[in-house]
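Just below is one structure, and these are the notes that go with it.
There are 2 protein chains.
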Amino acid sequence: MKVEVVAIGTELLLGQIVDTNSSWIGEQLALAGLDSHYQTKVGDNPARIEEVLNLALSRSDAVICCGGLGPTQDDLSREVIATVMGAELVLDEAIAARIEAMFSSRGRAMPRNNLRQAMVPVGATPMAQQPGTAPGLVCPVGDKVIYAVPGVPYEMKQMVEGTVIPDLTARSGQSSVIRSRVLRTWGTSESALAELLAERIDHLDDGGNPTLAFLASGVEGLKVRITAKAPTEAEAIAILDAEEATVRPILGDIVFGLDDQNMEAVVISMLDERSMTVAVAESLTGGYVAGRLCAVPGASRVFQGGVVAYQPRIKFELLGLAEGPVVTEAAALAMAHGARRELKADIGLATTGVAGPDEAEGRPVGTVCLAVAGSMAERAVTVQLPGDRERIRQFSTITLLDLLRRELLAGELA
Amino acid sequence: MKVEVVAIGTELLLGQIVDTNSSWIGEQLALAGLDSHYQTKVGDNPARIEEVLNLALSRSDAVICCGGLGPTQDDLSREVIATVMGAELVLDEAIAARIEAMFSSRGRAMPRNNLRQAMVPVGATPMAQQPGTAPGLVCPVGDKVIYAVPGVPYEMKQMVEGTVIPDLTARSGQSSVIRSRVLRTWGTSESALAELLAERIDHLDDGGNPTLAFLASGVEGLKVRITAKAPTEAEAIAILDAEEATVRPILGDIVFGLDDQNMEAVVISMLDERSMTVAVAESLTGGYVAGRLCAVPGASRVFQGGVVAYQPRIKFELLGLAEGPVVTEAAALAMAHGARRELKADIGLATTGVAGPDEAEGRPVGTVCLAVAGSMAERAVTVQLPGDRERIRQFSTITLLDLLRRELLAGELA
Chain A
9 MKVEVVAIGT ELLLGQIVDT NSSWIGEQLA LAGLDSHYQT KVGDNPARIE EVLNLALSRS
69 DAVICCGGLG PTQDDLSREV IATVMGAELV LDEAIAARIE AMFSSRGRAM PRNNLRQAMV
129 PVGATPMAQQ PGTAPGLVCP VGDKVIYAVP GVPYEMKQMV EGTVIPDLTA RSGQSSVIRS
189 RVLRTWGTSE SALAELLAER IDHLDDGGNP TLAFLASGVE GLKVRITAKA PTEAEAIAIL
249 DAEEATVRPI LGDIVFGLDD QNMEAVVISM LDERSMTVAV AESLTGGYVA GRLCAVPGAS
309 RVFQGGVVAY QPRIKFELLG LAEGPVVTEA AALAMAHGAR RELKADIGLA TTGVAGPDEA
369 EGRPVGTVCL AVAGSMAERA VTVQLPGDRE RIRQFSTITL LDLLRRELLA GELA
Chain B
9 MKVEVVAIGT ELLLGQIVDT NSSWIGEQLA LAGLDSHYQT KVGDNPARIE EVLNLALSRS
69 DAVICCGGLG PTQDDLSREV IATVMGAELV LDEAIAARIE AMFSSRGRAM PRNNLRQAMV
129 PVGATPMAQQ PGTAPGLVCP VGDKVIYAVP GVPYEMKQMV EGTVIPDLTA RSGQSSVIRS
189 RVLRTWGTSE SALAELLAER IDHLDDGGNP TLAFLASGVE GLKVRITAKA PTEAEAIAIL
249 DAEEATVRPI LGDIVFGLDD QNMEAVVISM LDERSMTVAV AESLTGGYVA GRLCAVPGAS
309 RVFQGGVVAY QPRIKFELLG LAEGPVVTEA AALAMAHGAR RELKADIGLA TTGVAGPDEA
369 EGRPVGTVCL AVAGSMAERA VTVQLPGDRE RIRQFSTITL LDLLRRELLA GELA
C-alpha cells in the first residue's frame, strides 16, 4: 500500500509557512507501516493541483491532499478533486447546517463564502470528525482514493488519526508496524561512524530489515537510527533489541543515550544518582550550557546555577582567575574551580574560547577550551570546532557535557 | 524562469526531520522574483530520485536539489545527477585536497568515505562556497540546470545565496522583483494586531500589491510582513516605504525593529548609543537572556555577563537578596540591582518566576516577575505567560528586553 502526501498552498512554496503537516502525516504513515515515497507541495493553481494529483494517483494507491478546503476563492481542492473524480460538486445540506450552527453558537451569522465548504463531489464521503468549518472528504477514484483534509494542523490531525489511517489500514489489509530506536552518540564524525558500521550496514542491506541511518543533530548529538518492520509491535521491538545488542559493542562508549535522552538529561541523571551538584562558568557559550542543563526535568536537585563571564574582567573579579590570557586550558580550569567555589557545587564546568568573527589572543575562531573540575580531579581539553557562532556554541556544550559524562564514568572527580 | 526544489532524504518522508530547507529556498526564490510552482520530497532511492529530477526538469527551467551529498552510501545525489546528465563521475583532486585539509586542520585523518564527496559529474562545476565537506555543484542538463546543494542548513544557505540565486538571476535576465519588509512588534496579541490593521488589509485586498501578513515568532516577536512586487527593486522599495509610512502610525510604539533586527539587537544598539553597559540575573530563564544578548554582533561593548541564580541560595549569597520569597517584583528588583552591582554594569536585568511543571510559593505556572534597574530608576512587572517551559522562557526574555527598550526610550534609567 503506497500512500503519498500532497500539500496545497502558495504560502508553502513562498516559505511563509513551513509545511510541518506533511512531516507529521509522514510519521503517522510510517508508524502504521504504510509506505510513502513522495511528498509534493503545489500552489493554489487548479491546473497544477490537478496535474500533481493525477501523477500521485498514477504511482501510489492513495493520496492525502492537505489544505485548500477553506471558504475563500483560492481554496481549490474541492473543485479539482471533483474534476479528477469526473464528478459534479453538490451542496451537502447536512454539512451546510453544521457550519451554520458553528457560527450561530458563537453568536455570528455564517458568511456566504462558507457555503463553498459544504460542496461535496458526488461519490465522496464526508469524514465524521469536523472540528472546524472545513469537512474532510474520502474521495474514491477507481480503486484508489484521495483523502482531502484541511491545512489547519489540529483539524487535519483529528481527521488523519480518526479516519485516514484506519481507512488505509483497512484497505491495505495489512497489519505490519514500523518502529524506530535512536542511539545517540558523541565523539566521532558522521563518516567515521559510517565506517565503524559499514560492515553491519552491508550485511543488513541484503534483507533491508532492520535498517540503520545516521543523523547529525547539533547539540542533540550524532544519531544512529535503527528502524524495524514486523507484523506486530512485539516482533518489531524484538528486532530493535537484537540490533541494538549487535551495534552497541561496535560503537562502544560513544553511545550516551537512547531516543529522546539528550546529553544534558544523561549527565543530570548521572549526577543525581551520585548525589552531586553542578555549577557552570561560561564565556563563549554565554549561558547556553546553563540553559540546556536547567531545561532538564528534575534539574533543580542537581543544577545550582552559573556565571556568564562574558567580559574577561568578570572572570578575574567574580571567578578569581589570575589576570592573563583567557583562552587557555588553565583559564578554563580556573573558571571551573571558580564556579565550584563561588556557587558551592561539587562539580564546576567551564567554557572559554573564540566564537568569532575575529581571532583572539592569537588563536583562530573555533578554538575552545573546556574544563570539568571536582574536589579530587580536574580535566581540560582544547578543541577546534567548525561552523558559525551558533554551531560552535552547540558543539562546545555537548563536548563539555560529554567530558563530564566520561569523567563521571571514570569515577574520580569527587 | 521556473525553478523547483527537490529535497532528498528518507528521514524527510518519515517525518524525522521537518523540511525547513525547501521553505527557506522558496522564500529566497520569491524574494528574487523567480517563479516556483512545485516542491517535492523523495527518499534515498536512486530510481525515484531520478524520476523526480527528470519530471522537475521537464516542467521547470532549473532544479535545486537539496541533500544527499554526504559521505555515506545512502548519499545518492551525485550518482543520480550524473545519470540524469548522461555524464561520468570523476574524482576532483582539488575538492579531495580541500576536504583532506579540513580534517587535518582539526588534527584528524580523512576517512576514506569522504572521498565520495570529491566525485563530480563531468561537465558540472563545483560552487565556490564550501563551508563543510560537501561541495555544491552546478550541473547543466541541456539548456536547463540542476543545482546540487547539501542538506545541512548553514552550508546550503551559503551556496544558495552565494551561487544559486545570482546564477538564476543571470540566467533569467528577468526584471520583476518581489521585496518584503517585516515590522517586528511586541506588546499586543495577534488577533488585536489583525483588528488594528483590518481596515488597511480590506483596502489592500482590492489591488493585492502590497500585501500584509502576520506571523507570531516567539522570542523573535510578532511580525507584520509587507510584500511588494514591481518591475524594479527601486519601485518595489518605494511601495514598501509608502506602506510602512501608512502602517507605522497605526501600530505606534509596539514596533521595535525591522526585518532581521530582533529585540536583543535593538536594545544592545540603544545601550551602545548611550554608552551604557548591561548585566543580567536570571532564575527561570536559566541563561537564555544572557545567551540572546551575547549572540548579537557587537555585544561585547555593552554586555558584561550574568548570574544564573537557579537555586534561591545563589540569589541570597551571590546577588545579596534578603532571604524570603523569590517570585515577587521586589525579588526581581533586588536581583537586577545585584547584577548591576556585582557585575559592575550601568543597567541590571532580572527574571524570576514559575516555569513549571509545579506551582511555587503559591503562584501558578507561568507567573513571571521581570525587572530593569539603573542608578536613577527601576521598574518591575509581573506577567502571566501561556505555554510550556520553552515558550515561557522565550516570552519572558522578549518581554523583559521590551521593558528595557521602553525605559531607555523614556530616558530616566541612568
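Chains as they are written, first to last, in our numbering: chain A, 9 to 422; chain B, 9 to 422. Ideal placement from N, C-alpha and C gives every residue a C-beta, glycine not left out.
Taking 7 Å as the CB-CB limit, is residue i close to chain B?
{"i": "Ile276 (chain A)", "result": "no"}
{"i": "Ile28 (chain A)", "result": "Looking at the sequence provided, one finds Thr at residue 28 (chain A) rather than Ile. Closer than 7 Å: yes."}
{"i": "Ser184 (chain A)", "result": "no"}
{"i": "Arg56 (chain A)", "result": "yes"}
{"i": "Gly265 (chain A)", "result": "no"}
{"i": "Gln166 (chain A)", "result": "no"}
{"i": "Leu21 (chain A)", "result": "yes"}
Residue i CB to nearest chain A CB: under 7 Å?
{"i": "Ser112 (chain B)", "result": "no"}
{"i": "Ala476 (chain B)", "result": "Residue 476 (chain B) cannot be examined here, being either before or after the span of chain B that is shown, 9 to 422."}
{"i": "Gly322 (chain B)", "result": "It is worth fixing the name first, because residue 322 (chain B) is Ile in this sequence and not Gly. Cβ-Cβ to chain A under 7 Å: yes for Ile322 (chain B)."}
{"i": "Gly195 (chain B)", "result": "no"}
{"i": "Phe403 (chain B)", "result": "no"}
{"i": "Val334 (chain B)", "result": "no"}
{"i": "His345 (chain B)", "result": "no"}
{"i": "Asn217 (chain B)", "result": "no"}
{"i": "Phe222 (chain B)", "result": "no"}
{"i": "His45 (chain B)", "result": "yes"}
{"i": "Ser283 (chain B)", "result": "no"}
{"i": "Gln312 (chain B)", "result": "yes"}
{"i": "Ser31 (chain B)", "result": "yes"}
So residue i and residue j are in contact, right, with Cβ under 8 Å, and what is the actual spacing, rounded?
{"i": "Phe264 (chain A)", "j": "Thr193 (chain A)", "result": "7 Å"}
{"i": "Arg153 (chain B)", "j": "Ala95 (chain B)", "result": "Here residue 153 (chain B) is Val; the residue named in the question, Arg, does not match the sequence. The pair is not a contact, with the Cβ atoms about 13 Å apart (cut-off 8 Å)."}
{"i": "Ile1 (chain A)", "j": "Arg349 (chain A)", "result": "Here chain A has residues from 9 to 422 only, and residue 1 (chain A) is not among them."}
{"i": "Pro148 (chain B)", "j": "Gly131 (chain B)", "result": "6 Å"}
{"i": "Ile258 (chain B)", "j": "Arg208 (chain B)", "result": "7 Å"}
{"i": "Gly229 (chain B)", "j": "Ile400 (chain B)", "result": "Not really, about 16 Å apart at Cβ, beyond 8 Å."}
{"i": "Val146 (chain B)", "j": "Met135 (chain B)", "result": "6 Å"}
{"i": "Asn122 (chain A)", "j": "Ile103 (chain A)", "result": "At roughly 10 Å, the Cβ-Cβ gap does not stay under 8 Å, so Asn122 (chain A) and Ile103 (chain A) are not in contact."}
How would you label residue i, buried or exposed, when you count the other beta carbons within 10 angstroms and need 16 or more for buried?
{"i": "Tyr162 (chain B)", "result": "exposed"}
{"i": "Glu415 (chain B)", "result": "buried"}
{"i": "Gly332 (chain A)", "result": "exposed"}
{"i": "Val11 (chain B)", "result": "buried"}
{"i": "Asn217 (chain B)", "result": "exposed"}
{"i": "Ala250 (chain B)", "result": "exposed"}
{"i": "Glu369 (chain B)", "result": "exposed"}
{"i": "Met384 (chain B)", "result": "exposed"}
{"i": "Gly181 (chain B)", "result": "exposed"}
{"i": "Gln392 (chain B)", "result": "exposed"}
{"i": "Pro365 (chain B)", "result": "exposed"}
{"i": "Ser308 (chain A)", "result": "exposed"}
{"i": "Asn270 (chain B)", "result": "buried"}
Please report the straight-line C-alpha distance between residue i and residue j, rounded to a whole angstrom.
{"i": "Phe403 (chain B)", "j": "Phe222 (chain B)", "result": "18 Å"}
{"i": "Ala238 (chain B)", "j": "Gly170 (chain B)", "result": "24 Å"}
{"i": "Ala418 (chain A)", "j": "Leu411 (chain A)", "result": "11 Å"}
{"i": "Gln312 (chain A)", "j": "Leu329 (chain B)", "result": "16 Å"}
{"i": "Arg233 (chain B)", "j": "Gly23 (chain B)", "result": "29 Å"}
{"i": "Ala200 (chain A)", "j": "Cys74 (chain B)", "result": "23 Å"}
{"i": "Gln47 (chain B)", "j": "Ala388 (chain B)", "result": "48 Å"}
{"i": "Ser283 (chain A)", "j": "Ala317 (chain B)", "result": "20 Å"}
{"i": "Leu212 (chain A)", "j": "Thr219 (chain A)", "result": "7 Å"}
{"i": "Leu176 (chain A)", "j": "Ile72 (chain A)", "result": "10 Å"}
{"i": "Ser30 (chain A)", "j": "Leu327 (chain A)", "result": "50 Å"}
{"i": "Asp100 (chain A)", "j": "Ala126 (chain A)", "result": "5 Å"}
{"i": "Asp268 (chain B)", "j": "Leu191 (chain B)", "result": "10 Å"}
{"i": "Glu243 (chain B)", "j": "Leu39 (chain B)", "result": "14 Å"}
{"i": "Val288 (chain A)", "j": "Arg187 (chain A)", "result": "38 Å"}
{"i": "Glu241 (chain A)", "j": "Glu198 (chain A)", "result": "30 Å"}
Below 8 Å, can you find three or more Cβ-Cβ pairs linking the region 71 to 89 of chain B to the region 141 to 151 of chain B? yes
Just checking, does the region 377 to 385 of chain A make contact with the region 332 to 343 of chain A on the three C-beta pairs under 8 Å criterion? yes
Stretch pair the region 294 to 314 of chain A + the region 290 to 297 of chain B: three plus CB contacts closer than 8 Å: yes
Stretch pair the region 82 to 101 of chain A + the region 52 to 66 of chain A: three plus CB contacts closer than 8 Å: yes
Looking at C-beta atoms only, is the number of pairs between the region 267 to 275 of chain A and the region 268 to 279 of chain B that lie closer than 8 Å three or more? no
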